[in-house]
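Here the protein sequences line up with chains B and F, keeping their order.
Under my numbering, think of the first position of the first sequence as 1, with each following residue one higher.
Under my numbering, think of the first position of the second sequence as 105, with each following residue one higher.
Structure, as structure tokens:
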Amino acid sequence: MMQPGLYQLLFISAALFFIGVYGFFTRRNLITMLMSIELILNSVNLNFIAFNKYLWPDKMDGLFFTLFIIAIAAAEAAVAIAIIINLYRSHNSIDVENAEELKY
Amino acid sequence: MMNGSTIIFYLLAALTLVSGLLSVSTRQIFRAAIYLLFSLIGIAGIYFWLDYQFIAAVQIVVYVGGIVVLIIFSIFLTQQAGEKLAKQKIGRKIFSALAAFCGFALTMLQVYQHEFYEPSETAVSPTVFDIGKKMLSVNDKGYALPFEVISMLLLAALVGCIVIALRNKPEPK
Numbered sequence: 001m002m003q004p005g006l007y008q009l010l011f012i013s014a015a016l017f018f019i020g021v022y023g024f025f026t027r028r029n030l031i032t033m034l035m036s037i038e039l040i041l042n043s044v045n046l047n048f049i050a051f052n053k054y055l056w057p058d059k060m061d062g063l064f065f066t067l068f069i070i071a072i073a074a075a076e077a078a079v080a081i082a083i084i085i086n087l088y089r090s091h092n093s094i095d096v097e098n099a100e101e102l103k104y
Numbered sequence: 105m106m107n108g109s110t111i112i113f114y115l116l117a118a119l120t121l122v123s124g125l126l127s128v129s130t131r132q133i134f135r136a137a138i139y140l141l142f143s144l145i146g147i148a149g150i151y152f153w154l155d156y157q158f159i160a161a162v163q164i165v166v167y168v169g170g171i172v173v174l175i176i177f178s179i180f181l182t183q184q185a186g187e188k189l190a191k192q193k194i195g196r197k198i199f200s201a202l203a204a205f206c207g208f209a210l211t212m213l214q215v216y217q218h219e220f221y222e223p224s225e226t227a228v229s230p231t232v233f234d235i236g237k238k239m240l241s242v243n244d245k246g247y248a249l250p251f252e253v254i255s256m257l258l259l260a261a262l263v264g265c266i267v268i269a270l271r272n273k274p275e276p277k
């Protein structure tokens, strides 16, 4: 078996990204689509960390990008869930097929 | 040649990918959230394996402790108990899987054809002390400006959440 290195990490990251893409294509429930987005964001974070670790081990840029992406992901999840709950209150459903109006 | 570290890495990778796959394919939404939780824990384990303890801790605190709990709460608020998600059309599933697989194959082909150069610099282990010092320094290698921008973004998100979630009052006549 191969010694884990940059290529193995990139494989995991790409696989997780496309798992998230698959979920985003097939799911029709807004909360599960949000979960797919979280998987995609995590794969991006893993990518940054892998490049930082194996290509620029003397710098910390990838690490800071990951930190900021985590903060943005938290803000994004909070806003998305506020919108989802508001949608549920007005339409009684969180299926994307039923969410076709932008206002009221 | 297998040593303990290699075995742990592949176990963490398998945990991450298998629970990620289950999270997007299960039809019970609560189980999807729990599988997502395990996938995120696997990622945090990979960060620990790479010796980035601070990022791993942030990952656990923010994702596992914050976002997944938020998702589970919103599942409680919006789903009927014991209700399964609607079955998807088989054609949509097949084409989505095909698209995702083709994208994955293309990406990995590019990655394996590319030759990454070996770094010559000696590695530094980023301690919390170094990270904090760099994040708040204002000279041209510091991250004080993005830090402030993120603070403003979090504030804006907070206000936005409150405004969106406000129950709008009936119009006075």
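The beta carbon of each residue, even a glycine, is placed where N, CA and C say it ideally should be.
All values derive from a computational prediction rather than experimental measurement.
Since residue 42 of chain B meets chain F, which of its residues come closer than 7 Å, beta carbon to beta carbon?
Position 42 of the first sequence, counted from the first residue, corresponds to residue 42 of chain B. Per Cβ cutoff of 7 Å: 144 and 147.
Which same chain residues end up closer than 6 Å to residue 48 of chain B when comparing Cβ atoms and leaving out the 5 residues on each side of it in sequence?
Stepping through the first sequence from its first residue, residue 48 of chain B is reached at position 48. Once the five neighbours on either side are set aside, the close Cβ partners of residue 48 of chain B are 62, 65 and 66.
Could you tell me the alpha carbon to alpha carbon distance between residue 60 of chain B and residue 52 of chain B, rounded to whole angstroms?
The sequence position of residue 60 of chain B within the first sequence is 60, counting from 1. The sequence position of residue 52 of chain B within the first sequence is 52, counting from 1. In a straight line, the C-alpha of residue 60 of chain B is about 7 Å away from that of residue 52 of chain B.
Count the other CB atoms, across all protein chains shown, that sit within 10 Å of the CB of residue 217 of chain F; report buried if there are 16 or more and exposed otherwise.
On the second sequence, position 113 is the one that residue 217 of chain F refers to. Exposed, because fewer than 16 other Cβ atoms sit within 10 Å of the Cβ of residue 217 of chain F.
Cβ pair count under 8 Å reaching 3, the stretch 6-20 of chain B against the stretch 196-213 of chain F:
yes
Which residues in chain F have a C-beta closer than 7 Å to the C-beta of residue 83 of chain B? List them in chain order.
As a first step, residue 83 of chain B is located in the first sequence; it is residue number 83 there, counting from the start. 268, listed in chain order.
For residue 122 of chain F, report the span of its alpha helix (DSSP H) as first-last.
For this step, residue 122 of chain F is matched to residue 18 along the second sequence. Its alpha helix (DSSP H) spans residues 108-129.
Which class does residue 95 of chain B belong to by DSSP, given the choice of helix, strand or coil?
For the purposes of this step, residue 95 of chain B is taken as residue 95 along the first sequence, with counting starting at 1. It is a strand residue.
Which residues in the same chain have their Cβ closer than 6 Å to the Cβ of residue 131 of chain F, if we skip the five residues on either side of it in sequence?
As a first step, residue 131 of chain F must be located in the second sequence, where it is residue number 27. Only 188 and 189 meet the Cβ criterion.
Simplified DSSP assignment, three categories, for residue 52 of chain B
Position 52 of the first sequence, counting from 1, holds the residue named residue 52 of chain B. DSSP places residue 52 of chain B in helix when its eight states are reduced to three.
Please state whether DSSP places residue 29 of chain B in a helix, a strand or coil.
Sequence index remark: in the first sequence, residue 29 of chain B carries index 29 (1-based). Note: residue 29 of chain B maps to strand in three-state DSSP.
Determine the direct distance from the alpha carbon of residue 229 of chain F to that of residue 152 of chain F, and round the result to whole angstroms.
For the purposes of this step, residue 152 of chain F is taken as the residue at position 48 of the second sequence. For the purposes of this step, residue 229 of chain F is taken as the residue at position 125 of the second sequence. Answer to the nearest angstrom: the Cα atoms are 12 Å apart.
Pull out every residue of the stretch 149-167 of chain F whose Cβ sits closer than 9 Å to any Cβ of chain B, in chain order.
150, 151, 153, 154, 155, 156, 158, 159, 162, 163, 166 and 167
C-alpha gap between residue 82 of chain B and residue 233 of chain F, whole angstroms:
Position 82 of the first sequence, counting from 1, holds the residue named residue 82 of chain B. Position 129 of the second sequence, counting from 1, holds the residue named residue 233 of chain F. Between residue 82 of chain B and residue 233 of chain F, the C-alpha separation is close to 36 Å.
Out of B/36, B/74 and B/69, which has the shortest C-alpha to C-alpha gap to residue 121 of chain F?
The count along the second sequence starts at 1 and reaches residue 121 of chain F at position 17. Among B/36, B/74 and B/69, the Cα nearest to that of residue 121 of chain F is on B/36.
Please give the ranges of any alpha helix (DSSP H) in the stretch 200-240 of chain F, keeping only runs that are unbroken, at least 4 residues long and fully inside the region.
232-240
Straight-line Cα distance separating residue 157 of chain F from residue 114 of chain F
As a working mapping, residue 114 of chain F is identified with position 10 in the second sequence. As a working mapping, residue 157 of chain F is identified with position 53 in the second sequence. So the alpha carbons of these two residues sit roughly 19 Å apart.
Pair within 9 Å by beta-carbon distance, residue 77 of chain B and residue 16 of chain B
Your numbering for residue 77 of chain B matches position 77 in the first sequence. Your numbering for residue 16 of chain B matches position 16 in the first sequence. Taking 9 Å as the Cβ cut-off, residue 77 of chain B and residue 16 of chain B do not qualify as a contacting pair.
What's the gap between the Cα of residue 170 of chain F and the Cα of residue 163 of chain F?
Locating residue 170 of chain F in the second sequence gives position 66, where the first residue counts as 1. Locating residue 163 of chain F in the second sequence gives position 59, where the first residue counts as 1. C-alpha separation (whole angstroms): 10 Å.
Can you tell me where the alpha helix (DSSP H) with residue 135 of chain F in it begins and where it stops?
Indexing the second sequence from 1 puts residue 135 of chain F at position 31. First-last of the alpha helix (DSSP H) with residue 135 of chain F: 133-153.
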